[in-house]
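Have a look at the structure below, then the notes.
Residue numbers (my numbering): 33 to 156.
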């Protein structure tokens with residue numbers, strides 16, 4: 033490709049694109065929140081801190097009882113088939129069989145980027 037003269041329009045386009053890239057990098061750096069992970073063993077009652085509020089995770093048979101934090105939170109469970117009963121003060125999560133390890137994700141309803149991942153394990 034033959035070298036072309038740098039025109040004013042092309043120079044302005046390069047400067048604008050560079051400014052956008054730098055702004056995106058700075059925004060992403062400022063808004064970054066590290067992922068918080070907690071490891072919990074089901075042999076005992078797990079007490080976890082969800083943004084300053086305690087939440088308990090307890091195993092009763094094939095059911096996990098998870099107390100709700102006072103804030104507005106939702107939960108999602110990965111790697112398992114389950115049914116959640118939403119009670120006023122707790123979630124009842126029923127499993128056919130609780131896997132040896134599962135991941136519970138607490139997501140804030142107000143701030144979607146605010147999450148807490150709890151890895152729950154049990155001895156067989």
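For glycine and all other residues, C-beta sits at the position ideal for the given N, C-alpha and C.
Just verifying my parser: in three-state terms, what is the DSSP assignment at residue 124? strand
With distance defined between alpha-carbon atoms, name the residue in 120, 106, 123 and 119 nearest to residue 148. 106
Using 8 Å as the threshold, is the region 128-140 in touch with the region 106-120, meaning 3 or more CB pairs across them? yes
Completely contained beta strand (DSSP E) runs for the region 56-116, where each covers 3 or more residues: With a minimum length of 3 residues, the unbroken runs of beta strand (DSSP E) contained wholly in the region 56-116 fall at 68-73, 78-82, 85-92, 95-99 and 105-110.
Taking DSSP as the reference, what is the three-state secondary structure of residue 130? coil
Span of the beta strand (DSSP E), counted from its first residue to its last, around residue 153: Here the beta strand (DSSP E) through residue 153 covers 147-153.
Quick one: is residue 123 buried, meaning 16 or more other Cβ sit within 10 Å of its Cβ, or exposed? buried
Whole-angstrom distance between residue 63 and residue 43, CA atom to CA atom: Distance between the alpha carbons of residue 43 and residue 63: 30 Å.
Measuring CB to CB, does residue 88 end up less than 8 Å from residue 79? Going by C-beta atoms, residue 88 is nearer than 8 Å to residue 79.
Determine whether the beta carbon atoms of residue 73 and residue 153 lie at a separation below 8 Å. yes
Using a Cβ-Cβ distance under 8 Å, would residue 129 count as near chain D? Protein chain content of the structure displayed is limited to a single chain, and chain D is not contained in it.
For residue 136, which residues does DSSP report across the bridge? 109 and 150
Flag this pair as yes or no: are the beta carbons of residue 151 and residue 82 separated by less than 8 Å? no
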